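Student:
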Amino acid sequence: MMHNKAIQLLHVVLITLERDTALKIHASFECQAYATPHL
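Going by full-length UniProt numbering, the sequence shown opens with residue 1, and the numbers climb by one from there.
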(Lines of atoms letter the chains of each structure in order from A and count residues from 1; the text may use other names and numbers.)
(Lines give C-alpha, C1' and ligand atoms only; values in the text may rest on other atoms or scores of the structure.)
Protein backbone atom coordinates (compact mmCIF):
# COMPACT_ATOMS: atom_id res chain seq x y z
CA MET A 1 0.00 0.00 0.00
CA MET A 2 2.79 2.43 0.88
CA HIS A 3 4.52 1.56 -2.40
CA ASN A 4 1.40 2.64 -4.31
CA LYS A 5 1.27 5.97 -2.43
CA ALA A 6 4.94 6.63 -3.20
CA ILE A 7 4.35 6.03 -6.92
CA GLN A 8 1.31 8.32 -6.86
CA LEU A 9 3.32 11.07 -5.16
CA LEU A 10 6.14 10.66 -7.67
CA HIS A 11 3.68 11.04 -10.55
CA VAL A 12 2.29 14.25 -9.04
CA VAL A 13 5.81 15.65 -8.61
CA LEU A 14 6.77 14.72 -12.19
CA ILE A 15 3.59 16.26 -13.63
CA THR A 16 4.16 19.44 -11.61
CA LEU A 17 7.79 19.67 -12.75
CA GLU A 18 6.79 19.03 -16.35
CA ARG A 19 4.15 21.76 -16.25
CA ASP A 20 6.57 24.17 -14.56
CA THR A 21 9.24 23.46 -17.19
CA ALA A 22 6.71 23.90 -20.01
CA LEU A 23 5.66 27.26 -18.55
CA LYS A 24 9.29 28.39 -18.24
CA ILE A 25 10.04 27.36 -21.84
CA HIS A 26 6.89 29.14 -23.03
CA ALA A 27 7.84 32.27 -21.08
CA SER A 28 11.35 32.28 -22.53
CA PHE A 29 9.92 32.01 -26.06
CA GLU A 30 7.56 34.90 -25.28
CA CYS A 31 10.51 36.99 -24.06
CA GLN A 32 12.51 36.17 -27.20
CA ALA A 33 9.53 37.11 -29.36
CA TYR A 34 9.25 40.50 -27.63
CA ALA A 35 13.02 41.07 -27.69
CA THR A 36 13.26 40.30 -31.40
CA PRO A 37 12.33 43.28 -33.59
CA HIS A 38 9.18 42.45 -35.53
CA LEU A 39 9.98 42.27 -39.22
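For each residue, glycine too, the CB sits at the ideal point set by N, CA and C.
Since we're looking at a predicted model, the values are computed, not measured.
Can you give me the C-alpha to C-alpha distance between H3 and L17, rounded to a whole angstrom?
Tutor: If you number the sequence shown from 1, residue 3 lands on position 3. If you number the sequence shown from 1, residue 17 lands on position 17. Cα to Cα, the separation comes out at about 21 angstroms.
Student: Pull up the distance between the alpha-carbon of T36 and that of T21, whole angstroms please.
Tutor: Numbered from 1 along the sequence shown, position 36 holds the residue referred to as residue 36. Numbered from 1 along the sequence shown, position 21 holds the residue referred to as residue 21. When rounded, the distance between both Cα atoms is 22 angstroms.
Student: Between Y34 and R19, what straight-line distance do the alpha-carbon atoms span, to the nearest angstrom?
Tutor: The count along the sequence shown starts at 1 and reaches residue 34 at position 34. The count along the sequence shown starts at 1 and reaches residue 19 at position 19. Cα to Cα, Y34 sits roughly 23 angstroms from R19.
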